[in-house]
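Here the structure is laid out as structure tokens; the discussion comes afterwards.
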Amino acid sequence: MEIDNNQLLRFTTAGSVDDGKSTLIGRLLYDSKSIFEDQLEDIQNTSQKKGYDGLDLALFTDGLRDEREQGITIDVAYRYFTTPKRKF
């Protein structure tokens, strides 16, 4: 059976509060180099202001001001990224 690597693969995360759902998606976006340079700079600055030594990867999906201030996800976030072998 041949797999069409150009076909979009959709997936979701589910879990309780603070299980790392946004961080997981942020890690996938970061590792696949799907973050624009200005977004990365913004996340670096925000992470530093919050006292993190590294990046707060959850901030890549938490776009609302209240989400960032409270450290929680309020709204659904859709993010698309591509690797050399597949689209997500």
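Under the working numbering, the first residue of the sequence shown is numbered 46, with each subsequent residue one higher.
Every residue gets a Cβ at the ideal spot worked out from N, C-alpha and C, and that includes glycine.
Could you tell me the distance, in whole angstroms, from the CA atom of residue i to the CA atom of residue j?
| i | j | result |
| --- | --- | --- |
| Lys78 | Lys66 | 19 Å |
| Phe73 | Gly96 | The residue you asked about is not Phe; residue 73 is Leu in the sequence shown. Cα-Cα distance, rounded: 23 Å. |
| Pro129 | Asp76 | 12 Å |
| Gly60 | Arg124 | 18 Å |
| Lys94 | Glu86 | 12 Å |
| Asp98 | Arg131 | 32 Å |
| Asn90 | Phe56 | 29 Å |
| Asp64 | Ile88 | 20 Å |
Is residue i near the ligand HEM, judged by its Cβ being under 8 Å from some heavy atom?
| i | result |
| --- | --- |
| Ser61 | Summarising the ligand content, the structure contains no ligands, and the ligand HEM is consequently not present. |
Could you check how far apart the C-beta atoms of residue i and residue j are, in whole angstroms? I think they sit under 8 Å.
| i | j | result |
| --- | --- | --- |
| Asp134 | Ser92 | No statement about residue 134 is possible, as the shown extent of the chain runs from 46 to 133 and does not include it. |
| Thr106 | Gly71 | 6 Å |
| Leu69 | Phe133 | 13 Å between Cβ atoms; not a contact. |
Which residue from the options puts its Cα closest to that of residue i?
| i | options | result |
| --- | --- | --- |
| Val62 | Tyr125, Asn90, Lys94 and Ala103 | Ala103 |
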